[in-house]
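Notes follow once the structure below has been shown.
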Amino acid sequence: MPVRKAASAQKTVVPRETGSTRVYTELRHNILSMVLPPSAPLDEVGLGKRFQLSRSPIREALVRLASEGLVVTLQNRSTIVAPLDFRSVPEYLDALDLLQRATHRSAAICRSQRDIEEIEATLAIFEKKAKLSFDTDDWLPMIEGNYDFHIRIAQAGRNQYFAGFYKRILEEGRRMLYFHSEFLFKSLGSTVGRLNQHHREMLEAIRVQDPDEAERLAHEHARQFRGDFLEYMERSITSKMKIAT
C-alpha cells in the first residue's frame, strides 16, 4: 500500500485579509498621501456602505488609526482625520532634532552586531522604496522606509523612553514628510542618491561606534528637513498671495 507523503498532502493556507484590516490599510494610505485631507469627516455609516461592511470592522479600523494619531474622535463622538496645526511646526522640528540626536548617539554607543545587520537590512529596503517613490511619484513607500530605518536605529540605543518619544514624533510627522518629499524632489531637484548617502554615513558612524559623528549627522539630517520644509511653507504661502494691480 503506497504511503502518502505528509508534506504533499498539506496545502499552504494564506490568511485572508479581514474587513477591518482592509479598511485600515486603505484609509491609512489615503490619510498619509493627503487624499483624505486634515479634518476630513469619517462617517461610520458612509464608510460601511463604501466598503460593504458592518459598523464593527469600521470602528476597529478607526480605533487602530486613532492609536497612530491619524484620526481623532470629537466630543460629539464623530471621527475626523487628525488636523495639522502648522503653527506648531517649529516646536515639532525642535523635538525631532533633539530626539534624533539622542537616539542616534545612543545607538552608536550601545549597538550590537545584530543591530548593525538589521539596520543594514532596513537601509537596503529603504533604498529600494526610495527609488520606487522617485520613479512613480508615490512618496509613501519612501516615507515608510525612512520611518523603519530611523526607528531601528533608535531601538539600537537601548533606551525605551528615547525610542518611544522618537517613534511618536516620527508618526506625527508622516504627513509633513509627504509634503516635504514631494517638494524636495520636484521643486529642489534633490536626488535619491543624496538621501541614501546621508543614511549610509549615519550607519557607518554607528558601526564604528562614533557617537559624536552619529549625533552630528542626525542633527544635520534634521536641520536639512527643517530648512526644506520651512522653504516649502514659505513658497506655498507666497504663491497664494495676490498682488493688486
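In terms of the numbering used here, the sequence shown opens at residue 6 and continues consecutively. Yeah, the Cβ is synthetic: ideal placement off N, Cα and C, and Gly gets one too.
**Report entry** Residue nearest to histidine 255 in terms of C-alpha spacing, selected from Glu206, Arg212 and Val213
**Finding:** The shown model of the chain, from 6 to 250, leaves out residue 255, and the question about it has no answer.
**Report entry** Beta-carbon gap between arginine 27 and phenylalanine 56 smaller than 8 Å
**Finding:** By 1-based counting over the sequence shown, the position of residue 27 is 22. By 1-based counting over the sequence shown, the position of residue 56 is 51. Yes; because the gap between Cβ atoms is below 8 Å, this pair is in contact.
**Report entry** Sufficient close CB pairs (3 or more, under 8 Å) joining the stretch 212-228 to the stretch 91-111
**Finding:** yes
Query raised in the report: Could one say the Cβ of phenylalanine 131 lies closer than 8 Å to chain B's Cβ atoms, at least one of them?
Result: No chain B appears in the structure shown, which is made up of a single protein chain.
Query raised in the report: What does a CB cutoff of less than 6 Å around alanine 161 pick up in its chain, not counting 5 residues either side in sequence?
Result: In the sequence shown, counting from the first residue as 1, residue 161 sits at position 156. Counting only Cβ-Cβ distances below 6 Å, and skipping sequence neighbours, we find Ala112, Arg116 and Asp120.
Report task. Leaving out five residues on either side along the sequence, give the residues of the same chain with a beta carbon under 7 Å from the beta carbon of leucine 193. Result -> For this step, residue 193 is matched to residue 188 along the sequence shown. At leucine 193, the pLDDT of 48 sits below 50, so the modelled position is not reliable; the number obtained from the coordinates is stated separately. Counting only Cβ-Cβ distances below 7 Å, and skipping sequence neighbours, we find Asp233.
Requested in this report: Taking the CB atoms as reference points, tell me whether glutamate 49 and arginine 33 lie closer together than 8 Å.
Outcome: Counted from its first residue, the sequence shown places residue 49 at position 44. Counted from its first residue, the sequence shown places residue 33 at position 28. No, they are not a contact pair.
Query raised in the report: Comparing alpha-carbon positions, which option in Val197, Ser25, Leu37 and Tyr29 lies nearest leucine 175?
Result: Here residue 175 refers to the residue found at position 170 when the sequence shown is read from its first residue. Measuring from the Cα of leucine 175, the nearest candidate turns out to be Leu37.
Query raised in the report: CA-CA distance, valine 18 and glutamine 202?
Result: Here residue 18 refers to the residue found at position 13 when the sequence shown is read from its first residue. Here residue 202 refers to the residue found at position 197 when the sequence shown is read from its first residue. Bear in mind that a pLDDT of 44 at valine 18, under 50, signals an unreliable position, so the model cannot answer this.
Query raised in the report: Where does valine 50 fall in DSSP's three states?
Result: The residue you call residue 50 lines up with position 45 of the sequence shown. Valine 50 falls in the helix class under three-state DSSP.
Requested in this report: Mark valine 213 as exposed unless 16 or more other C-beta atoms lie within 10 angstroms of its C-beta, in which case mark it buried.
Outcome: Stepping through the sequence shown from its first residue, residue 213 is reached at position 208. Valine 213 comes out exposed.
Query raised in the report: Would you call valine 40 buried or exposed, if buried means 16 or more other Cβ atoms sit within 10 Å of its Cβ?
Result: Position 35 of the sequence shown, counting from 1, holds the residue named residue 40. Its Cβ having fewer than 16 others within 10 Å, valine 40 is exposed.
Query raised in the report: Is DSSP giving threonine 108 helix, strand or coil here?
Result: Numbered from its first residue, the sequence shown carries residue 108 at position 103. Looking at threonine 108 - three-state DSSP - the assignment turns out to be helix.
Requested in this report: For serine 186, collect the residues of the same chain with a Cβ closer than 8 Å to its Cβ; drop the 5 residues on either side in sequence, then sort them by chain order.
Outcome: Here residue 186 refers to the residue found at position 181 when the sequence shown is read from its first residue. Within the same chain, serine 186 has close Cβ partners Ser138, Trp144, Met147 and Ile148.
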